[in-house]
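Peer 1: Okay, here's the structure, questions in a sec.
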Amino acid sequence: MQHEPGTTKFQIDLRRHLREQNICDNLVHLICEIAEAGKYVINAVRTGDLGVAGTSNLYGEEQLALDVLSDRIIRKRLIHSGVVCNVLSEEMDEVLQVKPEAAGLYSVAYDPLDGSSLVDVNLAVGTIVSIYSGCDLLQVGRKQVAALYILYGPRVSLVYSVGKGVHEFTMNHLMEYTLTRENITMQPAGNIYAPGGQRNKYCEGVERFVRYLEAKGAKLRYSGGFVPDINQVLLKGKGIFMYPALNGSPDGKLRLLFELNPMAYLVEQAGGAASNGRMPILDIRPEGYDQRVPIFIGCREDVEKALEFVNEA
Ligand code: AFP
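Here the sequence shown stands for residues 5 to 317, where the numbers follow the working numbering.
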């Protein structure tokens, strides 16, 4: 295959696949830039300093050096991409305006290294990205034009959708991505469940739902990393992840903009569902950048069953 000058096989694979989706060239470029940043993030994860950065994000969480470094790598790429209007990461205190105009540009909300506290025990972590057209980052999730995650596990994989199915690329020994799964689809129901949070703080309905799952033989699969846990449910095509409202934390833990909207977009594209217990995640109008929301996400029938238990109680 004749490579275009200045591009590697990796970009042609991903770039070519993106071009086949008949989307705007700026969006193709943006997703390729984010994918390219992933190469530097995985290098930092594998070799970087696990020490504490000595700073904290607006949630008061101490920022690990890797959080800060990953955030900087991705933000730099976005700024220099030339196609970004506004940027906001989970590690930033406020929106960064890169360009004032909106036409032909995109805004990006991202979690640079979700689960970073798991790196020092060598568990999988990931980058989660949500992309909107224009400058408004408080649009409902259904308005996303693309969503993706990069999973830094035994292998590095990138899963994306631009609204035309969900596709997985896996990084080879040359750090090039090759298409490994196309049009990923989920089964109506599954047999694994990932129960986030402390079970003794679950409301009655969620507790009864978990007992229902156990009674039907579902297996508990929970790593504490949102990206690998969702990736397992999505790629096995069966099961449900939940981080429900807890006694004392009515909004759960996970953040709408940086974690739930992009994952809900991908899972719905694969035929699954994502709800806060009352309505689809993608229909929630964000009230603020740091909004947290309870989540039930995975196979459609499993999510529907969860809602039955939650709303019955
Ligand atoms: P950290 O980024 O602080 O490690 O939290 C990871 C996370 O946001 C998400 O990746 C997990 O699904 C969730 O927290 C796990 O939370 P619990 O440890 O409370 O189950």
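Don't be surprised by glycine CBs; every beta carbon is placed ideally from N, CA and C.
At 4 residues or longer, and completely inside the segment 192-255: list those alpha helix (DSSP H) runs for me, N to C.
Peer 2: The qualifying runs are 208-219, 230-240.
Peer 1: Quick one: using the 10 Å Cβ neighbour count with 16 as the cut-off for buried, is residue 318 buried or exposed?
Peer 2: Outside the shown range of the chain (5 to 317) lies residue 318, about which nothing can therefore be said.
Peer 1: Check residue 107 in the structure and name its three-state DSSP category.
Peer 2: Here residue 107 corresponds to residue number 103 of the sequence shown, with the count starting at 1. Three-state result, residue 107: coil.
Peer 1: Could you tell me if residue 223 is buried or exposed, where buried requires 16 or more neighbouring beta carbons within 10 angstroms of its beta carbon?
Peer 2: On the sequence shown, residue 223 is found 219 positions in, with the first residue counted as 1. Per the 10 Å Cβ criterion, exposed.
Peer 1: Just to confirm my understanding: we take residue 269, look at its own chain, exclude 5 residues before and 5 after, and list those with CB closer than 7 Å. What are they?
Peer 2: Residue 269 sits at position 265 when you count from the first residue of the sequence shown. So the qualifying residues of the chain are 145, 148, 151, 165, 286.
Peer 1: Please list, in chain order, all residues of the same chain as residue 191 whose beta carbon is under 7 Å from its beta carbon, the five residues on each side excluded.
Peer 2: Taking the sequence shown and counting its residues from 1, the one referred to as residue 191 is at position 187. Same-chain partners within the cutoff: 241, 242, 303.
Peer 1: Taking 8 Å as the cut-off, is the CB of residue 229 close to at least one heavy atom of the ligand AFP?
Peer 2: Here residue 229 corresponds to residue number 225 of the sequence shown, with the count starting at 1. Yes; taking the cut-off as 8 Å, the Cβ of residue 229 has a heavy atom of the ligand AFP nearer than that.
Peer 1: In this structure, what does DSSP give as the bridge partners for residue 284?
Peer 2: Counting from one through the sequence shown, the residue named residue 284 turns up at place 280. Residue 284 pairs with 279.
Peer 1: By the DSSP assignment, the beta strand (DSSP E) with residue 171 in it spans what residues?
Peer 2: Working through the sequence shown from its first residue, we reach residue 171 at position 167. Element bounds for residue 171: 171-175.
Peer 1: Taking the C-alpha atoms as reference points, what is the distance between residue 142 and residue 42?
Peer 2: The residue given as residue 142 occupies position 138 in the sequence shown. The residue given as residue 42 occupies position 38 in the sequence shown. Residue 142 and residue 42: Cα-Cα distance of roughly 25 Å.
Peer 1: Are residue 214 and residue 132 touching if we call contact CB-CB under 9 Å?
Peer 2: In the sequence shown, residue 214 corresponds to position 210, counting from 1. In the sequence shown, residue 132 corresponds to position 128, counting from 1. No. Outside cutoff.
Peer 1: Can you check whether the CB of residue 120 is closer than 9 Å to the CB of residue 337?
Peer 2: Any answer about residue 337 is impossible in this case: the structure gives the chain only from 5 up to 317.
Peer 1: Can residue 318 be considered in contact with the ligand AFP, in the sense that its beta carbon sits closer than 8 Å to one or more heavy atoms?
Peer 2: The displayed coordinates of the chain run from 5 to 317. Any statement about residue 318 would go beyond what the structure contains.
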